[in-house]
Amino acid sequence: MGLKPGVRVLVCLVSIHLIVAYGYPDTEDISCETKETCAACIRTPQCVWCADIRPINSEDAVENIPEQPRCTHRKFNSESWCRIDLVVDKNETLVLNDDPFSSQQNNQTQVKPQHVKISLRRQEELRINISYQQANDYPVDLYFLMDLSASMEPYRNNLAKLGAKVVEAMGKLTSNFHLGFGSFIDKVVLPMTNTEREWILKMCKLKDGTPCASPYEFKHQMKLGTNVSLFTTKVEKAEISANLDVPEGGLDGLMQAIVCQHDIGWRKNARRLLVYSSDATYHIAGDGKLAGIVEPNDETCHLDEKGAYTHAEILDYPSITQINKQIQKNSINVIFDVTKAVSENYRDLSLRINGSSVGLLDSKSDNKTVVDIILSQYETLTNTITMTSSHPEFIEVKFFSRCMNQSAPLSETNECGGIRVNKSVQFEISIKAIECPERPEDWHQIIEIKPQGVDERLTIEVDLICDCPCSKPDNGYFKANAPECHGHGNLACGICECNKYFQGKDCYCPRNGPEVTEISSTGCVPANATKAEPCSGKNRGKCVCGKCECLAGPKQGDKYMGKFCECDNFSCPRSNLKVCGGPSRGTCYCGKCKCKPGWNGDSCECSTSNTCINPVSEKVCSGFGECKCGICECDTTKGRTGQYCQDCPTCSNQYCETLKDCVECYVHKTGRAVVGDGCDSTECGNVEVSEKVETIDEPEADSKYKKCVVPDDNGCTFAFKYEVGGYQRGDQRFDTVIAEKKKKCSALPLFSPLTTAAGVILLTLFLGLLGLLAWKAVTMFHDHREYVKFEKERVCATYEGGTNPIYKAAKTTFNNPMFGTDSTAQ
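In mature numbering (1 follows the signal peptide of the UniProt record, and there is no 0), the protein residues as written are -21 to -1, 1 to 805.
Right, here's the structure in full:
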């Protein structure tokens, strides 16, 4: 396919704007208050830690005032809970390198910024916006890797003639084009290749009758450069040989052509293309075991000074995964230029190698067709942008884009097509930490984001926040052997970390001292209690050195509290199926709910704000329900729903009756709402007729408008459609109405329901009688016709005499044969 001279190579200019966005699950039920250390708190989504030093020994902190938790939900973070500078909760982004875009030769910059450092908490998300834009005249490296087994001789001869034409065609795209060449056959070991020279001389002949050369695995023939005549010479003189089996060692050659960056001559700032030509399939990892080669491919370069592969008999063939990995790492686009017979095999291979494509090779085609294949595949590659990332399994990376349609919804994709010069496309990248790895050394990761096939990248340093800075000795909020811990432990993040000889919240109690073994009731039971158990029972707390240390409750998030562990945070009335209505409404302490602003009641079930008045009608629950605790309980018998009971899905004319009189007054100057020369302002003050039209069409299914057709008192009908609260003037909202200019009146008077019912009954009787008469007429006609037919047959009938064969006469005569003979004759 030919390209116009104006077409130029497209430089991928990537502008990255960093926007931090947090994506959180609904974790209201996850209790942050049960987390006893800063590390456990910071690893819990939406939880924040207060590193403030609090009066551990203060009696007021445990007497009648519930102790403030150090770990709480992010939405409850306030100055009354903790000083802002002492709150541990930070996802940070720092741009370390942000060079401007450049299209200058040998100094191209396509990705911007180049280096970013972020801090990311577990199960939280950071988003980065990336802009990708094309520019002109970007360098191109094109390396031909050809199968030179005997059957490929015609293709080699064609390639030798291609050099000048390829340069001419690519010159229309870029002024900076390099060309290189390499070849492959197969491993020179049985059963892949016969190693006897006599076999090659006898079995492999070129078209001119000369014998084939000795076989080899891979040879790098020409380094990438601009010398077209050298390319032609190298291809013409490339030695052709043969192997025994059908598959070739192409993947060995492909691996070396990719990883031997210096030997091949791949340039850093260039689009790299590798054209792989063959008429046979390929060996893959594991096939080398047939020849006793068991060592896996090491994905490194093994070329000698002549460009020959030195480890063909040492290393196995590479796997497809290894090939794909190195292609991504080295930003190379592969074009499999193969014959039709094996094209399906290579299409399957291309599906497993990112950035690759397949073209058909024909020995009978002219050189122009081969060039067109290269140009066509190149244009496809440059007109599509695919963003790739390298990240560990515990970090999730997703791409979102609207591609070239900015009005389309944002959808998850890492690929956009239709890229053109000066047309930008936006990508939004989501980076989320799934888990904190067990090893601290894994808390620092490097992620590379780059356009596929372009050797530039955005390097993102990710520091996973799996521990708190205040727990480090070099932090200002860390105190070694702190007096707050009686010198027996370190104060880190506001709490004591006791040494191995002491315990307790303030590290006052020795681990093996008498205060531990001898539990005294002094300090652990109320002064006036005679039969009370220490710390209200062993299931609620334990007495350590004369002080109660309360235990956790029976369920996650439950805990006991108070000086004697006599209180808890779960034995309170429930509403909304949660204790005290849930953390957003109130907290439980000693059997009573402490409601947050905006809520009251024994279980914080009632909202203190007046949320029951419909702002449109200014009626409580729109007149179709009762307001209980700030929530409308609608009259379901009338089909009413909604926040203000304003909706009625089952009503045939929802809200039509309410607006009927006002619309009739404003539009037709008639009806019950007419007062003097105007309309009743009390009833119609919130109704605004915005437009009068000839005909009201049916609203669309998703329209905010609803259509009404209502009768007046004179037998006519009028139509309008409305939107509740659709118009605002100042602080007041009005119902918006669009009405028909004229009423529709029937020429015949409308009947009353009684008249209509009587008419229906009479009509039913009439139709029934008419049916009976019709049935009678049909039966009479049928009988008459049968009678006439019978008479006609009777008159025309002729009968012959005869006796009934079954008739028997009443008298029968028998003749005695012996009568009259001499009965005495002897």
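Ideal placement from N, C-alpha and C gives every residue a C-beta, glycine not left out.
Please determine, among Glu215, Glu104, His157, the residue with the shortest C-alpha to C-alpha distance to Asn138. The question names Asn, but residue 138 is Leu in the sequence shown. Considering only alpha carbons, the answer is Glu215.
Let me check understanding here. Comparing Cα to Cα, which of Gln305, Gly265, Pro48, Cys695 lies closest to residue 846? The requested residue 846 is not part of the displayed model; the chain covers only -21 to 805.
Give the DSSP-derived three-state secondary structure of Gln305 in the structure shown. Gln305: helix per DSSP, three-state reduction.
Across which residues does DSSP place Lys96 in a beta bridge pair? Bridge partners of Lys96: Leu73, Glu440.
Along the chain, where does the alpha helix (DSSP H) containing Pro133 start, and where does it finish? First-last of the alpha helix (DSSP H) with Pro133: 132 to 139.
Go through the segment 475 to 554 residue by residue and report every complete run of the alpha helix (DSSP H) that reaches 4 residues or more, in order. Within the segment 475 to 554, the complete alpha helix (DSSP H) runs of at least 4 residues are 493 to 496.
Return the chain-ordered list of same chain residues with a C-beta closer than 6 Å to the C-beta of Gly2, the five sequence neighbours on each side being excluded. In this prediction, Gly2 scores a pLDDT of 40, lower than 50, which makes its location untrustworthy; the coordinate-derived value is nonetheless stated afterwards. Scanning its chain for C-beta atoms nearer than 6 Å, with the 5 sequence neighbours on each side dropped, one finds around Gly2 the residues Glu104, in chain order.
Suppose the cutoff is 7 Å on Cβ atoms and the five residues either side in sequence are ignored; what does the same chain contact list for Pro190 look like? The answer, listed in chain order, is Ile179, Leu180, Cys183, Lys184.
Which same chain residues end up closer than 7 Å to Ala387 when comparing Cβ atoms and leaving out the 5 residues on each side of it in sequence? Within the same chain, Cβ atoms closer than 7 Å to the Cβ of Ala387 are found at Arg381, the five residues on either side in sequence being excluded.
According to DSSP, is Phe373 helix, strand or coil? Phe373 falls in the coil class under three-state DSSP.
Identify whether Thr735 lies in helix, strand or coil by the three-state DSSP scheme. Here Thr735 carries a helix assignment [DSSP, helix/strand/coil].
Quick check on Thr365: does DSSP put it in helix, strand or coil? Strand at Thr365.
Threshold first: 3 residues or longer. Then list the beta strand (DSSP E) segments lying entirely within the segment 390 to 418, N to C. Runs found: 404 to 412.
With burial defined as no fewer than 16 other Cβ atoms inside 10 Å of the residue's Cβ, what is the status of Cys724: buried or exposed? That one is exposed.
Cβ atoms of Val558 and Cys567: under 7 Å apart, would you say? Cβ atoms of Cys567 and Val558: closer than 7 Å.
At least three beta-carbon pairs within less than 8 Å, the segment 50 to 70 to the segment 439 to 457: In the pairwise beta carbon analysis, the segment 50 to 70 is classified as touching the segment 439 to 457: at least three pairs are separated by under 8 Å.
In the structure shown, what three-state DSSP assignment does Lys607 receive? Looking at Lys607 - three-state DSSP - the assignment turns out to be strand.
Provide the residue span of the alpha helix (DSSP H) that contains Ala19, from first to last. Note, Ala19: alpha helix (DSSP H), 17 to 21.
So, with DSSP's three-state summary, where would you put Gln235? Secondary structure at Gln235: helix, using DSSP grouped into helix, strand and coil.
For Thr13, count the other beta carbons within 10 Å of its own beta carbon; 16 or more makes it buried, fewer makes it exposed. Which is it? With 16 or more other Cβ atoms within 10 Å, it is buried.
7 Å Cβ cutoff, Ser193 in contact with chain D: Protein chain content of the structure displayed is limited to a single chain, and chain D is not contained in it.
With a threshold of 8 Å on Cβ separation, who are the neighbours of residue 811 within its own chain once the five nearest residues in sequence on each side are excluded? The shown model of the chain, from -21 to 805, leaves out residue 811, and the question about it has no answer.
For Ile398, which of Val523, Pro430, Lys377 has the nearest alpha-carbon? Relative to Ile398, the option among Val523, Pro430, Lys377 whose CA is nearest is Pro430.
Buried or exposed: residue 813, going by 16 or more other Cβ atoms within 10 Å of its Cβ? Only positions -21 to 805 of the chain appear in the structure, and residue 813 is not among them; the question remains open.
Hey, Ser256 and Leu121 are a contact pair by Cβ (cut 8 Å); roughly how many whole angstroms apart? Actually they do not touch by this definition, with Cβ atoms about 13 Å apart.
Glu702, DSSP secondary structure in three states: Secondary structure of Glu702 (DSSP, three-state): strand.
Starting from Met201, follow the beta strand (DSSP E) in both directions and report where the run begins and ends. Its beta strand (DSSP E) spans residues 197 to 204.
Trp245 - DSSP class collapsed to helix/strand/coil: When secondary structure is reduced to three states using DSSP, Trp245 falls in the coil class, being assigned neither helix nor strand.
Note down, in chain order, each residue of its chain lying with its Cβ closer than 6 Å to the Cβ of Asp614, except the 5 sequence neighbours on either side. Phe603, Gly604.
Within a Cβ cutoff of 8 Å, which residues of the same chain sit near Thr496, ignoring the five residues on either side of it in sequence? With a pLDDT of 43 at Thr496, under the threshold of 50, the modelled position of that residue is not reliable, and the figure given next carries that caveat. The answer is none, since no qualifying residue turns up.
Based on Cα-Cα distance, which residue from Thr735, Asn795, Ser208, Thr172 lies nearest to Ala192? Per the Cα distances, Thr172.
So is Lys683 buried or exposed if we call it buried at 16+ other beta carbons inside 10 Å? Exposed is the call here.
With distances taken Cα to Cα, identify the nearest neighbour of His157 among Val666, Asn206, Glu770. Considering only Val666, Asn206, Glu770, the residue with the shortest C-alpha distance to His157 is Asn206.
At the level of alpha carbons, what is the spacing between Tyr357 and Asp327? In this structure, the CA atom of Tyr357 is about 20 Å from the CA atom of Asp327.
Look up Lys723 in the DSSP assignment and give the residues it is bridged to. For Lys723, DSSP records a beta bridge to Thr696.
Check this for me: beta carbons of His199 and Gly286, under 7 Å apart or not? Yes, the Cβ-Cβ distance between His199 and Gly286 is below 7 Å.
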